[in-house]
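For reference, the structure is listed below as structure tokens.
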């Protein structure tokens, strides 16, 4: 990730593994996008608290579909 400035995050245990990764990336200046519908925790409460904490720390909380459309940049497609 050293050459990347924008990073999409998905995975499990939002309140532990995801949180530590996102906070580390924010610390080195990355723009971090947490895909809310692609992260989980065993307990919904832990997930919700983690997402709120990461948002407060500077991560962008978004969804997989939103991120995909942003990556495409346009709705133009031959199909």
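In my numbering, the protein residues as written are 439 to 517. For glycine and all other residues, C-beta sits at the position ideal for the given N, C-alpha and C. As the structure is a computational prediction, the values presented were derived from the model and not from experiment.
Looking from the CA of residue 496, the closest CA among 454, 455, 466 belongs to 466. Under the DSSP definition of a beta bridge, residue 449 partners with 477.
C-alpha of residue 461 to C-alpha of residue 489: approximately 12 Å in a straight line. CA-CA distance, residue 479 to residue 493, rounds to 17 Å. The DSSP-derived three-state label of residue 514 is coil.
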